[in-house]
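Basically the numbering used here = 1-based index in the sequence shown + 327.
Report on one structure; see the data block that follows.
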Amino acid sequence: MLVMKFGGTSVGSGERILHVARIVLAHQDQQPVVVTSALSGATDALLALAQAAAAGDDAACASQLEALVSRHHEAALAINPEADWSALHQKLELLGAAVQDALEQGEPSSVACDSLVAWGERLAVVLVAGALHILVCPTLAWDRPIVATDEHALPLAGSTRRLAEEALALAGKRLLVVPGFIAHKPDGRMTTLGRGGSDYSATLLAAALQAEACWIYTDVDGILSADPRVVKEAQILPTVSPQMAGRLSYSGAKVLHPLSVAPVARLGIPLRVRNTFRPDHPGTLITAQPGKHPGTAQAITSRRDLAAILLAGEGLPEVAHLFGRMCQVMTRAGIEMVLSVHPGTGYDPQILVKAAQAAAAVEQLTQEFASECGHGQIQSITVREGQAVCTVIGEELGGAVLAQVQHTLAAEGIAPLVQMAFPSALSLVLPDHELEHAIRSIHRQVIEPSLRKQGAAPAYSHKATLAALNDDEEPERRVAASCL
Ligand code: ADP
Ligand code: ASP
Ligand code: MG
Numbered sequence: 328m329l330v331m332k333f334g335g336t337s338v339g340s341g342e343r344i345l346h347v348a349r350i351v352l353a354h355q356d357q358q359p360v361v362v363t364s365a366l367s368g369a370t371d372a373l374l375a376l377a378q379a380a381a382a383g384d385d386a387a388c389a390s391q392l393e394a395l396v397s398r399h400h401e402a403a404l405a406i407n408p409e410a411d412w413s414a415l416h417q418k419l420e421l422l423g424a425a426v427q428d429a430l431e432q433g434e435p436s437s438v439a440c441d442s443l444v445a446w447g448e449r450l451a452v453v454l455v456a457g458a459l460h461i462l463v464c465p466t467l468a469w470d471r472p473i474v475a476t477d478e479h480a481l482p483l484a485g486s487t488r489r490l491a492e493e494a495l496a497l498a499g500k501r502l503l504v505v506p507g508f509i510a511h512k513p514d515g516r517m518t519t520l521g522r523g524g525s526d527y528s529a530t531l532l533a534a535a536l537q538a539e540a541c542w543i544y545t546d547v548d549g550i551l552s553a554d555p556r557v558v559k560e561a562q563i564l565p566t567v568s569p570q571m572a573g574r575l576s577y578s579g580a581k582v583l584h585p586l587s588v589a590p591v592a593r594l595g596i597p598l599r600v601r602n603t604f605r606p607d608h609p610g611t612l613i614t615a616q617p618g619k620h621p622g623t624a625q626a627i628t629s630r631r632d633l634a635a636i637l638l639a640g641e642g643l644p645e646v647a648h649l650f651g652r653m654c655q656v657m658t659r660a661g662i663e664m665v666l667s668v669h670p671g672t673g674y675d676p677q678i679l680v681k682a683a684q685a686a687a688a689v690e691q692l693t694q695e696f697a698s699e700c701g702h703g704q705i706q707s708i709t710v711r712e713g714q715a716v717c718t719v720i721g722e723e724l725g726g727a728v729l730a731q732v733q734h735t736l737a738a739e740g741i742a743p744l745v746q747m748a749f750p751s752a753l754s755l756v757l758p759d760h761e762l763e764h765a766i767r768s769i770h771r772q773v774i775e776p777s778l779r780k781q782g783a784a785p786a787y788s789h790k791a792t793l794a795a796l797n798d799d800e801e802p803e804r805r806v807a808a809s810c811l
């Protein structure tokens, strides 16, 4: 069995969905199960719709709903105007009713919001299954979640396996198409796996079904040495270890959801990232036996829009369990610590959080350390905005790579605020406005030379191609020319 997942750009229009269906059919002998994302931009549009409903803005709801409905209608017509799309029409009506409910409720609950956003993937399932059907492939469109979670939205392997087996049994000889991203909690309420979560759905499903392989189809050639939107010269990494892929995605490489590598890595199921628009390209294979390249920097990733929360005070070393308490407070409040620094000097601890969570982090810390602030041990809890972290990833990165990175940045006049070096990753905290300059410099001076030694080749990026053409909605004939 082969799990094939297609991202939003891959299913962005009727023509693209037909193209996806042809890719799936080309692998029919491998018993594919298809996981689809929502059409590109549909999740953002649904989130905006939920917000408009929360604000009670009828006019905005009506126009945004109308735009979503026509986008899906157009896709269906492009797939086949003659086909029976009644399942799609029914679902679009249900979406309309859900929007009406949300408007009446005023402030939709998080469950109502998740149920609304879930329509992106549920509608995409109908379109992808419809396209397969038209290419004479009997299909089951499973429009419910295929992933089960606990009440905190953490996936449950056993319940997911039962759901997957139920869906497969119902599909029989038909090809199964399921939605990514959405999941349900034990009481049946809808939840999601977070933005970009369809990758995670695919690997959870592959693990549940003990699939032979899981392929993530996206709009670039595979995992690249950098984000191609920032570094034009980004190169493809043909094989990557699960640990490296995990580090890459967790530290900001958007191509894979941060949690998506673990479920298949645990079972040794090979994961491949491939380009929908160049389906013959082998992509990147994530395998426990990648080529070994000790001492080389292979990729650079980044996270931006961060804020550093800084504690200062002469009495900091006197505060019992200072750092542990800082971390506990963040965990309790559900605030992600993107990076945290516990200096061995007793002074200057800091935590990097998403900028949008900085005010909440300060509030929580101020409450926790009210007494220490009162006694003057802690003199200030401040926020340094506009921060970013970039991470150089490789194997057995020794002092030489650290020195190369430091030398490169010094030559460009960039001074990192924090540096953390581990054998497989080197993280640097920088002001956000210096990030892209730093990434390009490190890629050019440190990563490209080491990849050149390994014989890596530049990668094709569909998004970069579109940007270069300055053309968001690429004519389909150009897609066809490049991919078939
Ligand atoms: P999908 O919709 O297929 O899930 P995403 O937009 O989530 O696709 O992820 C693919 C995008 O990730 C690429 O278009 C690319 O711009 C971006 N990206 C960032 N870092 C990397 C990287 N290291 N390798 C490949 N792609 C990357
Ligand atoms: N549609 C969801 C999102 O846009 C999930 C995904 O595409 O992976 O975040
Ligand atoms: Mg994605």
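Just so it is clear, CB atoms sit at the ideal spot from N, CA and C, and this is done for glycine as well.
These numbers come from a predicted model, not from an experiment.
Are the CB atoms of residue j and residue i within a distance shorter than 8 angstroms?
{"i": "glycine 428", "j": "arginine 449", "result": "The amino acid occupying residue 428 in the given sequence is aspartate; glycine does not appear at that position. Cβ distance not < 8 angstroms, so aspartate 428 and arginine 449 don't count as in contact."}
{"i": "valine 452", "j": "proline 506", "result": "yes"}
{"i": "proline 569", "j": "valine 588", "result": "yes"}
{"i": "valine 600", "j": "arginine 630", "result": "no"}
{"i": "alanine 767", "j": "valine 557", "result": "Correcting the residue identity first, residue 767 is arginine in this sequence and not alanine. Cβ distance < 8 angstroms, so arginine 767 and valine 557 count as in contact."}
{"i": "isoleucine 705", "j": "serine 552", "result": "no"}
{"i": "glycine 713", "j": "aspartate 759", "result": "yes"}
{"i": "leucine 462", "j": "arginine 593", "result": "no"}
{"i": "cysteine 541", "j": "leucine 502", "result": "no"}
{"i": "threonine 709", "j": "leucine 633", "result": "no"}
{"i": "glycine 447", "j": "alanine 561", "result": "no"}
{"i": "methionine 517", "j": "alanine 445", "result": "yes"}
{"i": "isoleucine 613", "j": "valine 656", "result": "no"}
{"i": "alanine 635", "j": "arginine 711", "result": "yes"}
{"i": "glutamine 731", "j": "glutamine 694", "result": "no"}
{"i": "leucine 753", "j": "valine 719", "result": "yes"}
{"i": "alanine 615", "j": "glycine 595", "result": "yes"}
{"i": "alanine 386", "j": "alanine 372", "result": "no"}
Once the 5 residues before and after residue i are set aside, which same chain residues still bring their CB inside 6 angstroms of it?
{"i": "valine 474", "result": "Pro482, Thr487, Ala510, Ser528 and Leu531"}
{"i": "leucine 755", "result": "Cys717, Pro743 and Gln746"}
{"i": "leucine 757", "result": "Ala715, Pro743 and Ala765"}
{"i": "alanine 458", "result": "Ile344, Leu345, Ala348 and Ile406"}
{"i": "proline 644", "result": "Gly673"}
{"i": "glutamine 684", "result": "Ile662"}
{"i": "glutamate 434", "result": "Ala381"}
{"i": "valine 646", "result": "Glu699 and Gln704"}
In this structure, what does DSSP give as the bridge partners for residue i?
{"i": "cysteine 700", "result": "Partner(s): none; cysteine 700 has no beta bridge."}
{"i": "threonine 630", "result": "Reading off the sequence shown, one finds arginine at residue 630, where the question assumed threonine. Looking at the DSSP assignment, arginine 630 forms a beta bridge with Val716."}
{"i": "arginine 711", "result": "Ala635"}
{"i": "proline 644", "result": "According to DSSP, proline 644 bridges with nothing at all."}
{"i": "cysteine 541", "result": "Val330 and Leu598"}
{"i": "lysine 681", "result": "Leu633"}
{"i": "methionine 897", "result": "Absent from the structure is residue 897, since the part of the chain shown begins at 328 and ends at 811."}
{"i": "serine 812", "result": "The structure shown does not extend to residue 812, since the chain is modelled only from 328 through 811, so no value can be given for it."}
{"i": "alanine 468", "result": "Val504"}
Let me confirm a value: residue i is counted as buried when at least 16 other C-beta atoms fall within 10 Å, else exposed. Which label applies?
{"i": "alanine 807", "result": "Bear in mind that the predicted position of alanine 807 carries a pLDDT of just 36, short of 50, making it unreliable; the figure below should be weighed with that in mind. So alanine 807 ends up on the exposed side."}
{"i": "leucine 421", "result": "exposed"}
{"i": "arginine 659", "result": "exposed"}
{"i": "lysine 332", "result": "buried"}
{"i": "aspartate 798", "result": "Caution is warranted here: a pLDDT of 45 is assigned to aspartate 798, below 50, making its placement in the model unreliable, and the coordinate value is therefore given only provisionally. By the 10 Å Cβ count, aspartate 798 comes out exposed."}
{"i": "aspartate 477", "result": "exposed"}
{"i": "glutamine 781", "result": "exposed"}
{"i": "proline 802", "result": "The predicted model places proline 802 with a pLDDT of 36, which falls under 50 and marks its position as unreliable; any figure quoted below should be read in that light. When all chains shown are included, proline 802 counts as exposed."}
{"i": "valine 438", "result": "exposed"}
{"i": "serine 337", "result": "buried"}
{"i": "serine 364", "result": "buried"}
{"i": "lysine 512", "result": "buried"}
{"i": "glycine 726", "result": "exposed"}
{"i": "glutamate 699", "result": "buried"}
{"i": "histidine 399", "result": "buried"}
Excluding sequence positions up to five away, which residues of its chain have a Cβ less than 7 angstroms from the Cβ of residue i?
{"i": "glycine 721", "result": "Thr623, Ala624, Gln625, Val728 and Ser751"}
{"i": "methionine 328", "result": "Gln358, Val360, Leu536, Ala538 and Glu539"}
{"i": "glutamate 490", "result": "For the sequence presented, residue 490 should be read as leucine rather than glutamate. Answer for leucine 490: Ile473 and Ala475, listed in chain order."}
{"i": "alanine 402", "result": "Ser340, Gly341, Ile344, Leu366 and Leu454"}
{"i": "cysteine 388", "result": "Leu376, Ala379, Ala380, Val426 and Leu430"}
Go through its chain and collect everything with a Cβ distance to residue i's Cβ below 8 angstroms, but skip five positions before and after it.
{"i": "histidine 669", "result": "Phe650 and Pro676"}
{"i": "glycine 423", "result": "Leu392 and Val396"}
{"i": "glutamate 723", "result": "Pro621, Gly622, Pro750 and Ser751"}
{"i": "lysine 500", "result": "Pro465"}
{"i": "leucine 352", "result": "Leu459, Leu462 and Cys464"}
{"i": "histidine 316", "result": "No answer is possible for residue 316: the residues shown for the chain start at 328 and end at 811."}
{"i": "alanine 410", "result": "Ala403, Gly457, His460 and Ile461"}
{"i": "glutamine 355", "result": "Cys464 and Leu502"}
Practice item. Count the C-beta pairs between the segment 564-575 and the segment 613-630 that are closer than 8 angstroms, then say yes if the count reaches three, no if not. Key: yes
Check your understanding: Can we say the segment 378-388 touches the segment 517-524, given the rule of at least three CB pairs closer than 8 angstroms?
Key -> no
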